[in-house]
Amino acid sequence: MDNLDEYAINVFTDGSSYSGPRAGGVGIRIITIGEDGHEVVFDHQPLGVRGANNQQMGLLACIEALKLLAGRRSPVDTAGFRKVVISTDSMYVVEGFNNARFTWPQSRWLTRDGTPVANAKLWKELVKCSMAVGMRVEIRSEERRVGKECRSRW
Numbered sequence: 014m015d016n017l018d019e020y021a022i023n024v025f026t027d028g029s030s031y032s033g034p035r036a037g038g039v040g041i042r043i044i045t046i047g048e049d050g051h052e053v054v055f056d057h058q059p060l061g062v063r064g065a066n067n068q069q070m071g072l073l074a075c076i077e078a079l080k081l082l083a084g085r086r087s088p089v090d091t092a093g094f095r096k097v098v099i100s101t102d103s104m105y106v107v108e109g110f111n112n113a114r115f116t117w118p119q120s121r122w123l124t125r126d127g128t129p130v131a132n133a134k135l136w137k138e139l140v141k142c143s144m145a146v147g148m149r150v151e152i153r154s155e156e157r158r159v160g161k162e163c164r165s166r167w
C-alpha cells in the first residue's frame, strides 16, 4: 500500500451513514511493516450505530481504532512503534483534530462565534483516546483506503 510509514502504526478508517433510516458504520484497517519488510494487515469492523451522521461516524472510526490499539487485546504490539498515523477521508476529522486538542478546551468548547462545538463529546473522546495510546497520533487526509472487505456490518 502506498504512503505507509514503516516506523508507525498505519491506520486507515472509514465511517459513513445512511439517511433513511439513519444508521452508520465503521471500517478500520491497521497496517504495520514486519521485521521481514512485509505488510501485516488487520481489519476490524465494529457493529454499526443507529442515528449517527457522517461526521459522527468519521470521529467514531478514529476513536474505535485508537481504543483497539490501546486495549489489552490490541492486534499490534505497540512497543516497537513511535507513532500512530490515522488516514481518513473525513476532512471534518482532519481539520478538527488539532482544534479539539488545543483550541476548543481553552475556549470552553465554543467556536469563534460563541456557539457550542458540534459533537464535542466525540471530540473529547478522540482526544482522550489519542493520549491513551501512549504515543504521538497524527490524523491525515487520505483517499478511501478501506476496501469493500473492510466495510462495516450490522
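One rule links them: number in the working numbering = place in the sequence shown (from 1) + 13. Even for Gly, the Cβ is constructed at its ideal location relative to N, Cα and C.
By the CB criterion at 8 Å, L73 and V107 fall outside the cutoff. Secondary structure note for E108: its alpha helix (DSSP H) is the uninterrupted segment M104 to N111.
In this structure, V54 keeps its C-beta atom at 8 Å or more from the C-beta atom of I41.
In this structure V24 is not in contact with A83, their Cβ atoms being roughly 12 Å apart against a cut-off of 8 Å. When secondary structure is reduced to three states using DSSP, E52 falls in the strand class. Using a Cβ-Cβ distance cut-off of 8 Å, the segment 117 to 124 and the segment 54 to 65 are not in contact, since fewer than three pairs of beta carbons, one from each stretch, lie closer than that value. Linking I76 to P34 through their CA atoms gives a straight-line distance of about 23 Å. A residue is called buried once 16 or more other Cβ atoms fall within 10 Å of its Cβ, and L60, having fewer, is exposed. Take A131, set aside five residues on each side of it, and the residues of its chain with a beta-carbon closer than 8 Å to its own are Q68, in chain order.
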